[in-house]
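Participant:
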Amino acid sequence: MIVRLRQPTREIEVDGVHTVNQLLDRLELNRESFLVIRNGTLVPGDGRLADDDVIEIRPVVSGG
Amino acid sequence: MNQSKCRVCREPAIIDLPRHNAHFCGEHLLQLCRRQVERAITDHDMLSPADRVLVAVSGGKDSLAVWDILLELGYRADGLYVGLGIGEYSDASHDHAVAFASDRGLTLHTVDLRDEYGYDVPTAAKVTKRVPCSACGMSKRHLFDRAAREGGYDVVVTGHNLDDEAAVLFGNTLRWDIEYLARQYPVLPARDGFPKKVKPLMRLTEREMAAWCIVRGIEYQVDECPIAVGNKHLGYKEALNAIERRSPGAKASFYLEFVAKMAPILAERGLAGHEHLGHCEECGAPTTGDTCAFCRLRARVVGHDPVPVELVLHGAARKAYLAGRDDVAPTGGSR
Numbered sequence: 004m005i006v007r008l009r010q011p012t013r014e015i016e017v018d019g020v021h022t023v024n025q026l027l028d029r030l031e032l033n034r035e036s037f038l039v040i041r042n043g044t045l046v047p048g049d050g051r052l053a054d055d056d057v058i059e060i061r062p063v064v065s066g067g
Numbered sequence: 003m004n005q006s007k008c009r010v011c012r013e014p015a016i017i018d019l020p021r022h023n024a025h026f027c028g029e030h031l032l033q034l035c036r037r038q039v040e041r042a043i044t045d046h047d048m049l050s051p052a053d054r055v056l057v058a059v060s061g062g063k064d065s066l067a068v069w070d071i072l073l074e075l076g077y078r079a080d081g082l083y084v085g086l087g088i089g090e091y092s093d094a095s096h097d098h099a100v101a102f103a104s105d106r107g108l109t110l111h112t113v114d115l116r117d118e119y120g121y122d123v124p125t126a127a128k129v130t131k132r133v134p135c136s137a138c139g140m141s142k143r144h145l146f147d148r149a150a151r152e153g154g155y156d157v158v159v160t161g162h163n164l165d166d167e168a169a170v171l172f173g174n175t176l177r178w179d180i181e182y183l184a185r186q187y188p189v190l191p192a193r194d195g196f197p198k199k200v201k202p203l204m205r206l207t208e209r210e211m212a213a214w215c216i217v218r219g220i221e222y223q224v225d226e227c228p229i230a231v232g233n234k235h236l237g238y239k240e241a242l243n244a245i246e247r248r249s250p251g252a253k254a255s256f257y258l259e260f261v262a263k264m265a266p267i268l269a270e271r272g273l274a275g276h277e278h279l280g281h282c283e284e285c286g287a288p289t290t291g292d293t294c295a296f297c298r299l300r301a302r303v304v305g306h307d308p309v310p311v312e313l314v315l316h317g318a319a320r321k322a323y324l325a326g327r328d329d330v331a332p333t334g335g336s337r
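Structure (C-alpha cells):
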C-alpha cells in the first residue's frame with residue numbers, strides 16, 4: 004500500500020501489514036501521536052487495510 | 003472492513019480511544035468532545051451564555067476545533083489571528099483560519115506583526131538572541147489581551163488541550179517551579195486590565211482534537227511550526243505519549259488530578275506571586291515596569307531588515323526544514 008507521511012510530506016510503500024496497528028508498529032510510530040486516514044475517513048487501530056489502499060498517517064502533536 | 007464497534011451505538015467505529023477503553027463512531031466521538039468541553043466550562047466557570055468570546059486562532063486543529071465547538075454549544079465567539087511572519091508556515095496557517103471563518107460567515111480579526119508593529123518572530127529571535135518561541139508567545143499574549151480590551155470582549159479562549167497542559171505541567175514539575183505550578187490553571191480571571199482567559203479543551207487530547215477536525219471536515223494547518231520542531235515542549239509530549247501508550251489515561255490523571263487536588267493547595271498558600279501592576283508608558287498595557295515586555299521587544303527589533311525563518315533554525319528544526327523543501331520526495335524509509 005501507499006502510505007503518505009507528513010512533517011515532511013513524503014510517500015513510502017509498505018506491504019505485508021493487515022491492520023492500522025500493525026502499520027504503525029511497523030513504522031515504529033506511537034498510536035497516541037498519529038491518526039490514520041483512508042479516503043478522508045479515520046480508520047481505528049484494528050481497522051483492516053488492503054494492499055491497494057492509499058493511507059495517510061497524520062501526526063497530531065503540535066509544539067506551538 | 004473495520005472490526006470494532008462504537009461503544010454507544012454499535013455502528014462501525016472510526017477511532018479507538020484507549021484512555022476510555024472504547025471505540026467510537028464519528029457522531030459519538032463528536033458527542034464525547036462536546037460533553038468534555040461542556041464539563042470543563044461548567045466545572046471551572048469558564049463562560050456564560052452572555053459573554054462575548056474572542057478565540058485565539060492559529061489555523062491549527064485546536065483553535066479551529068474549539069471555535070467550532072463553542073459555536074455548536076451556542077456561544078457568541080469571534081476569532082483573532084496574529085500573523086507572525088514565519089514564512090510559508092504563517093501564510094498557510096492564515097489561509098486556513100480565513101477559510102474556516104468565511105465558510106461559516108464568522109468574524110475573524112487579523113493582526114500582522116510585520117505590517118502593524120514593524121517586526122516578525124524570526125527577526126525578533128535573531129536580533130534579541132532570544133528563543134524564538136519565547137518572543138512568539140509573548141507577542142501573541144500581548145496582542146490577544148489588547149484585542150480583547152479594545153474590542154470589548156469578556157473572555158479570551160485559547161485552544162490549549164490536555165496534552166499541552168500536561169506537557170507544561172511536566173516541565174514545571176521537573177524543575178519544581180512552584181510559582182509556575184501555582185499559576186497553571188485552566189482559568190485566569192480578569193485583573194488589572196488583563197482579560198479573563200480560559201482553556202475549554204483542557205479535558206481533550208490533541209489526537210481527539212485532530213479527529214474532531216477530520217470528522218467535521220475542517221481543513222487545518224497540519225504541518226508543525228518550523229521553529230518549534232525539536233523544542234523542549236515537544237520532547238515532553240513525546241515522553242508523556244510513551245507513558246500513555248503503556249498506561250492509557252496517564253496524561254489525563256497527571257493533569258486533571260493536579261487541577262483537582264494540587265492547584266487548590268498552591269492557591270491557598272498564595273504562591274502564584276501577584277505583583278503590583280501599572281500601565282505601560284508606550285501602549286497602556288498592564289505591566290510591572292515602566293514599559294511592557296512587548297514594547298521593549300519592539301523597540302529593539304523595529305528597523306532591522308526582515309530575517310528569513312531558515313536563519314533562526316538550528317539542529318533538528320533546521321534538518322526538518324531542509325528535508326521539507328523537497329515536496330513529496332519518495333524516501334523508502336520510515337520516520
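These protein sequences, in sequence, are chains A and B.
The opening position of the first sequence corresponds to residue 4 in this note's numbering, with each subsequent residue numbered one higher.
The opening position of the second sequence corresponds to residue 3 in this note's numbering, with each subsequent residue numbered one higher.
Cβ coordinates follow ideal geometry from the N, Cα and C atoms, glycine included.
No experiment lies behind these values; they were computed from the predicted model shown.
1) Using the three-state DSSP reduction, which class does G326/B fall into: helix, strand or coil?
2) Considering only residues of the same chain and omitting the five flanking positions on each side of V217/B, which have a CB-CB separation below 8 Å?
3) For G280/B, write down the residues that DSSP places opposite it in a beta bridge.
4) Taking P20/B and P250/B to be in contact with their CB atoms under 8 Å, please state how far apart those CB atoms are, rounded to whole angstroms.
5) At what residue ranges does the segment 26-109 of chain B contain a whole run of the alpha helix (DSSP H), taking only runs of 4 or more?
6) How would you list, in chain order, the residues of chain A whose beta-carbon sits under 7 Å from the beta-carbon of P247/B?
7) Hey, Y77/B and V113/B are a contact pair by Cβ (cut 8 Å); roughly how many whole angstroms apart?
8) Terminal residues of the continuous beta strand (DSSP E) containing K199/B?
9) For L32/A, I'd like the list of residues in its chain whose CB is within less than 6 Å of its CB, leaving aside the five on either flank, ordered along the chain.
10) If we count Cβ pairs, one from each stretch, closer than 8 Å, do we get three or more for the segment 171-185 of chain B versus the segment 58-66 of chain B?
11) Could you give the C-beta distance for G161/B and S65/B, rounded to a whole number, given that I count them as a contact under 8 Å?
12) Taking 8 Å as the cut-off, decide whether the C-beta atoms of V157/B and P197/B are in contact.
13) A319/B and I229/B: beta carbons closer than 8 Å?
14) What residues match up with L190/B in a beta bridge as DSSP calls it?
15) With a threshold of 16 other CB atoms inside 10 Å of the CB of D147/B, please say whether the residue is buried or exposed.
16) Taking the CB atoms as reference points, tell me whether Y238/B and A169/B lie closer together than 8 Å.
17) Kindly identify the DSSP beta-bridge partner or partners of H111/B.
18) Which residue wins for smallest C-alpha separation from L145/B, given the options V309/B, G317/B, C297/B and G326/B?
19) Determine, for I40/A, whether the minimum Cβ-Cβ distance to residues of chain B falls below 8 Å.
20) Can you tell me the Cβ-Cβ gap for V129/B and V303/B, rounded? I've got them flagged as a contact below 8 Å.
21) Just to make sure I have the definition right: I need the residues of chain B whose C-beta is within less than 8 Å of the C-beta of L45/A. Which are they?
22) Taking the C-alpha atoms as reference points, what is the distance between L232/B and A137/B?
23) Can you say whether P191/B is buried or exposed, counting buried as having 16 or more other CB atoms within 10 angstroms of its CB?
24) Who are the neighbours of V20/A on chain B, taking C-beta pairs under 9 Å?
25) Counting only Cβ pairs nearer than 8 Å, list the residues of chain B close to D28/A.
26) In chain B, which residues lie less than 8 Å from D3/A when you measure between Cβ atoms?
27) Grab me the residues of L27/A's own chain with a C-beta within less than 6 Å of its C-beta, minus the 5 sequence neighbours each way, in chain order.
28) Using a Cβ cut-off of 8 Å (strictly closer), state whether V57/A contacts chain B.
29) So the candidates are A79/B, E90/B and D122/B; which of them puts its Cα closest to the Cα of R106/B?
30) Using CA coordinates, which residue listed in A269/B, C227/B, P266/B and T293/B is at the minimum distance from V63/A?
31) What residue range is occupied by the uninterrupted alpha helix (DSSP H) comprising V20/A?
32) Provide the residue(s) that pair with D18/B in DSSP beta bridges, ordered along the chain.
33) Enumerate in chain order the residues of its own chain whose CB-to-CB distance from G173/B is below 6 Å, with the five nearest sequence positions on each side excluded.
34) So with CB distances below 8 Å, who are the chain A contacts of G89/B?
35) Which residues in the same chain as D292/B place their Cβ atom closer than 7 Å to its Cβ, once the five residues preceding and following it in sequence are excluded?
36) Can you tell me which of A42/B, G286/B, L82/B and H25/B puts its alpha carbon nearest to the alpha carbon of G153/B?
Facilitator: If we stick to the structure as given:
1) Numbered from 1 along the second sequence, position 324 holds the residue referred to as residue 326/B. Looking at G326/B - three-state DSSP - the assignment turns out to be helix.
2) For the purposes of this step, residue 217/B is taken as the residue at position 215 of the second sequence. So the qualifying residues of the chain are I16, G28, L31 and L32.
3) On the second sequence, position 278 is the one that residue 280/B refers to. Per DSSP, T289/B.
4) The residue labelled residue 20/B in the question sits at position 18 within the second sequence. The residue labelled residue 250/B in the question sits at position 248 within the second sequence. Contact holds; Cβ gap of about 4 Å.
5) 28-45, 63-74 and 89-106
6) The sequence position of residue 247/B within the second sequence is 245, counting from 1. Note that residue 247/B corresponds to Arg in the displayed sequence, not to Pro. N33, R34 and E35, listed in chain order.
7) As a first step, residue 77/B must be located in the second sequence, where it is residue number 75. As a first step, residue 113/B must be located in the second sequence, where it is residue number 111. Incorrect: roughly 22 Å between the Cβ atoms, too far for contact.
8) As a first step, residue 199/B must be located in the second sequence, where it is residue number 197. First-last of the beta strand (DSSP E) with K199/B: K198 to V200.
9) Looking up residue 32/A in the first sequence gives position 29. Excluding positions up to five away in sequence, the list is empty.
10) no
11) The sequence position of residue 161/B within the second sequence is 159, counting from 1. The sequence position of residue 65/B within the second sequence is 63, counting from 1. With a Cβ gap of about 4 Å, G161/B and S65/B count as contacting.
12) Numbered from 1 along the second sequence, position 155 holds the residue referred to as residue 157/B. Numbered from 1 along the second sequence, position 195 holds the residue referred to as residue 197/B. In this structure, P197/B lies closer than 8 Å to V157/B by Cβ.
13) Walking along the second sequence from the start, residue 319/B turns up at place 317. Walking along the second sequence from the start, residue 229/B turns up at place 227. Yes, Cβ-Cβ distance for A319/B and I229/B is below 8 Å.
14) For the purposes of this step, residue 190/B is identified with residue 188 of the second sequence, where counting begins at 1. L190/B is bridged to K199/B.
15) The residue given as residue 147/B occupies position 145 in the second sequence. When all chains shown are included, D147/B counts as buried.
16) Taking the first residue of the second sequence as 1, we reach residue 238/B at position 236. Taking the first residue of the second sequence as 1, we reach residue 169/B at position 167. Yes. Within cutoff.
17) Position 109 of the second sequence, counting from 1, holds the residue named residue 111/B. Beta-bridge pairing links H111/B to L82/B.
18) Locating residue 145/B in the second sequence gives position 143, where the first residue counts as 1. With distances taken between Cα atoms, L145/B lies closest to C297/B.
19) For the purposes of this step, residue 40/A is identified with residue 37 of the first sequence, where counting begins at 1. So, interface residue.
20) Locating residue 129/B in the second sequence gives position 127, where the first residue counts as 1. Locating residue 303/B in the second sequence gives position 301, where the first residue counts as 1. With 8 Å as the limit, V129/B and V303/B qualify as a contact, their Cβ atoms being about 5 Å apart.
21) For this step, residue 45/A is matched to residue 42 along the first sequence. In chain order: I16, I17, G28, A213, I216 and V217.
22) Here residue 232/B corresponds to residue number 230 of the second sequence, with the count starting at 1. Here residue 137/B corresponds to residue number 135 of the second sequence, with the count starting at 1. In the sequence under discussion, the amino acid at residue 232/B is Gly, which differs from the Leu named in the question. Their Cα atoms are separated by approximately 17 Å.
23) Position 189 of the second sequence, counted from the start, is the residue given in the question as residue 191/B. Classification for P191/B: exposed.
24) Against the first sequence, residue 20/A aligns to sequence position 17. Simply none; closest approach about 12 Å.
25) On the first sequence, position 25 is the one that residue 28/A refers to. In chain order: nothing, as chain B lies at least about 11 Å away.
26) This structure cannot speak to residue 3/A, because chain A is shown only from 4 to 67.
27) To locate residue 27/A, count along the first sequence from 1; it is residue 24. Correct list, in chain order: R34.
28) Numbered from 1 along the first sequence, position 54 holds the residue referred to as residue 57/A. Cβ-Cβ to chain B under 8 Å: no for V57/A.
29) In the second sequence, residue 106/B corresponds to position 104, counting from 1. The shortest C-alpha separation from R106/B is found at A79/B.
30) Numbered from 1 along the first sequence, position 60 holds the residue referred to as residue 63/A. The shortest Cα separation from V63/A among A269/B, C227/B, P266/B and T293/B belongs to C227/B.
31) What you label residue 20/A is simply residue 17 of the first sequence in a count that begins at 1. It is not in any alpha helix (DSSP H) - V20/A carries neither H nor E in the DSSP assignment.
32) Translated into positions along the second sequence, residue 18/B becomes position 16. Per DSSP, H25/B.
33) If you number the second sequence from 1, residue 173/B lands on position 171. Once the five neighbours on either side are set aside, the close Cβ partners of G173/B are Y238.
34) In the second sequence, counting from the first residue as 1, residue 89/B sits at position 87. Correct list: empty, because the minimum Cβ distance to chain A is about 14 Å.
35) On the second sequence, residue 292/B is found 290 positions in, with the first residue counted as 1. E283.
36) Position 151 of the second sequence, counted from the start, is the residue given in the question as residue 153/B. Checked all of A42/B, G286/B, L82/B and H25/B; the closest Cα to G153/B is L82/B.
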